[in-house]
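Q:
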Amino acid sequence: QVSSEVSEIIFRGEKGQKMDFWAAGLHPRDCRLALRKLSRYEDYKQYLSYLEESLYFEDIQLVSFYIKTPIFPIRVSLRFKIPRITKEGVYPFIYEQGFLKDLKGTIHVSQEKDRCFFYIKADWEGRHSGFSNTLLEFFSKTLVKLGMEKLFRISSL
Numbered sequence: 017q018v019s020s021e022v023s024e025i026i027f028r029g030e031k032g033q034k035m036d037f038w039a040a041g042l043h044p045r046d047c048r049l050a051l052r053k054l055s056r057y058e059d060y061k062q063y064l065s066y067l068e069e070s071l072y073f074e075d076i077q078l079v080s081f082y083i084k085t086p087i088f089p090i091r092v093s094l095r096f097k098i099p100r101i102t103k104e105g106v107y108p109f110i111y112e113q114g115f116l117k118d119l120k121g122t123i124h125v126s127q128e129k130d131r132c133f134f135y136i137k138a139d140w141e142g143r144h145s146g147f148s149n150t151l152l153e154f155f156s157k158t159l160v161k162l163g164m165e166k167l168f169r170i171s172s173l
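For the sequence shown, the numbering used here gives the first residue as 17, with consecutive numbering after it.
#1: Taking the runs of the beta strand (DSSP E) that are 3 residues or longer, which of them lie wholly in the segment 118-153?
#2: Measure the Cβ-Cβ separation of residue 33 and residue 114 and say whether it is below 8 Å.
#3: Using DSSP with H/G/I as helix, E/B as strand and the rest coil, what is residue 9?
#4: Quick one, are the C-beta atoms of residue 39 and residue 18 less than 8 Å apart?
#5: At what residues does the beta strand (DSSP E) containing residue 95 begin and finish?
#6: Does the separation of the CB atoms of residue 111 and residue 123 fall below 8 Å?
#7: Residue 138 and residue 152: beta carbons closer than 8 Å?
#8: Classify residue 81: buried if its beta carbon has 16 or more other beta carbons within 10 angstroms, exposed otherwise.
#9: Taking the alpha carbon of residue 117 as the point to measure from, which residue in 93, 55, 68 and 166 has its own alpha carbon closest?
#10: With DSSP as the reference, label residue 34 as helix, strand or coil.
#11: Quick check on DSSP: helix, strand or coil for residue 71?
#12: When the Cα atoms are used, what is the spatial distance from residue 25 to residue 121?
#13: Taking just the CA atoms, how far does residue 132 sit from residue 46?
#14: Anyone know if the C-beta pair for residue 129 and residue 63 falls short of 8 Å?
#15: Measuring CA to CA, which of 44, 29, 126 and 97 is closest to residue 74?
Right under this line is the structure:
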């Protein structure tokens, strides 16, 4: 399941936006097996057709994705700091630049019997992105839903 709500706000005296986002999924395998592939962020472009590039800089714990979709008329760069997730736990992440600058969140990974549960929570407030609230909601929900479904399927093999 995925939820994304975007609303208009006043941000530092200017027109802004706020996003509240969460996603949850129960992987069919245990965490040890699921994370073998899911922790390899740099390989995601092999699996997700909307990614033009996926990089991970281990030394600074930085993920860089370049996204091109018919939904957005531009190439979107998503760069965020996150440790490589290799075991159960709670992992913070932050977008340090781009139109979602200062988006902060956590990824919770826990073993539930013989399956692995993932819960992602993120919040953001910032200057208006130039995109409608509806488009941002649709973009974030669609990419995460498609991504989770495909990555869960591939990492289940």
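We put the CB at the ideal spot given by N, CA and C, even for glycine.
A: Short version:
#1: DSSP runs (the beta strand (DSSP E)) wholly in the segment 118-153: 120-128 and 131-143.
#2: No, the pair does not count as a contact, with Cβ atoms beyond the cut-off.
#3: In the structure as shown, the chain starts at 17 and stops at 173, and residue 9 therefore has no counterpart that could be examined.
#4: Cβ atoms of residue 39 and residue 18: closer than 8 Å.
#5: First-last of the beta strand (DSSP E) with residue 95: 92-97.
#6: Not in contact: residue 111 and residue 123 (Cβ atoms no closer than 8 Å).
#7: Their beta carbons are not under 8 Å apart, which means residue 138 does not touch residue 152 by this criterion.
#8: So residue 81 ends up on the buried side.
#9: Ranking the options by Cα distance to residue 117, first place goes to 93.
#10: Annotated three-state conformation of residue 34 is strand, per DSSP.
#11: In the structure shown, residue 71 adopts extended strand secondary structure according to DSSP, grouped into three states.
#12: Here the alpha carbon of residue 25 sits roughly 20 Å from the alpha carbon of residue 121.
#13: Cα to Cα, the separation comes out at about 5 Å.
#14: A distance of 8 Å or more separates the beta carbons of residue 129 and residue 63.
#15: Looking at the Cα atoms, 97 is the closest of the given residues.
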